[in-house]
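Student:
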Amino acid sequence: GCGKSTLINMIAGLVPIDSGEILFDGKSLKDTKIGYVFQNYREAMFPWMRTIDNIAYPLKLEGRSKAEVDRRMAELVASFDVKFDLKRYPYELSGGQQQTASIMRALAPNPEVLFLDEPFSALDFEMTLFIREKLQEVFMQTGTTMLLVSHDLEEAVYLADEVLLLTKRPTRVAEILPYNDPRPRTTETLSQPSFISAKKLSLEIFQREVRR
């Protein structure tokens, strides 16, 4: 309740800011291509469209040719090792499959910045590990900047290069913690001294802010 989703929505231009400006490498939001994975992915997909058309929707908005759309879709299907039927409607898919489709849609136009608002909150552990792995692969292949909201400290440290810990309201940035372990990070990373130390420090800061 400290405003994590509000903050990411302000950065993404979905919530107006009272003053100042938000820049991406010196560029305004309108000059920056973004993708967004919403927390409530079940309501973020168009229910009247088949899953494959949901994923391709940003490409069609850009006016891409059918050949370009088909080529990009094939790349995404291969990248995410999709086994489920993309011709199904979203309501016919499991939660993990819907979230996979949401992430594929956000990545379809090759965004410069990808926003993810608690993308694992409704997934089981197996699917969480799968999506973590795929997001790392995307980052390593494309260098896409990713801004992830999470209430799970282990998850945040595991995925991030920098962890921003927020205070209680009125919300401020309490600390910015760098974490530079090499990628790909795996389950073995969780037992590395550097990971344990970063997680411990983030927990100490969190507890400090809770007690204030």
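Everything in the sequence shown is counted per this note's numbering, starting at 159 for the first residue and increasing by one.
We treat Cβ as the ideally placed atom computed from N, Cα and C, and that holds for glycine.
The structure displayed is predicted, hence computed values, not measured ones.
(1) How is the beta strand (DSSP E) around PHE273 delimited, first residue to last?
(2) In three-state DSSP terms, what is LYS241?
(3) Run the CB neighbour count on TYR249, radius 10 Å, all protein chains shown included, and call it buried at 16 or more, exposed below.
(4) So which of VAL321, GLU313, ILE210, GLU270 has the shortest CA-CA distance to GLN299?
(5) Could you please give the first and the last residue of the uninterrupted alpha helix (DSSP H) stretch that includes LEU181?
(6) Under three-state DSSP, which class holds LEU335?
(7) Expressed to the nearest angstrom, what Euclidean distance is found between the alpha-carbon atoms of ALA170 and LEU311?
(8) Can you give me the C-alpha to C-alpha distance between GLN256 and TRP206, rounded to a whole angstrom?
(9) According to DSSP, is LEU217 helix, strand or coil?
(10) DSSP state of VAL195, grouped into three classes?
Tutor: By the coordinates alone:
(1) As a first step, residue 273 is located in the sequence shown; it is residue number 115 there, counting from the start. Where PHE273 is concerned, the enclosing beta strand (DSSP E) stretches over 271–275.
(2) What you label residue 241 is simply residue 83 of the sequence shown in a count that begins at 1. In this structure, LYS241 counts as coil in the three-state DSSP scheme.
(3) Taking the sequence shown and counting its residues from 1, one reaches residue 249 at position 91. When all chains shown are included, TYR249 counts as exposed.
(4) Within the sequence shown, the letter at position 141 stands for residue 299. Here the closest residue by C-alpha is GLU270.
(5) For the purposes of this step, residue 181 is identified with residue 23 of the sequence shown, where counting begins at 1. From DSSP, LEU181 is part of no alpha helix (DSSP H); its letter is neither H nor E.
(6) Locating residue 335 in the sequence shown gives position 177, where the first residue counts as 1. Three-state result, LEU335: strand.
(7) As a working mapping, residue 170 is identified with position 12 in the sequence shown. As a working mapping, residue 311 is identified with position 153 in the sequence shown. Going from the Cα of ALA170 to the Cα of LEU311 covers about 23 Å.
(8) Translated into the one-based positions of the sequence shown, residue 256 becomes position 98. Translated into the one-based positions of the sequence shown, residue 206 becomes position 48. In a straight line, the C-alpha of GLN256 is about 14 Å away from that of TRP206.
(9) Along the sequence shown, read from residue 1 onward, the residue named residue 217 stands at position 59. In this structure, LEU217 counts as helix in the three-state DSSP scheme.
(10) By one-based count along the sequence shown, residue 195 stands at place 37. Reduced to three states, the DSSP call for VAL195 is strand.
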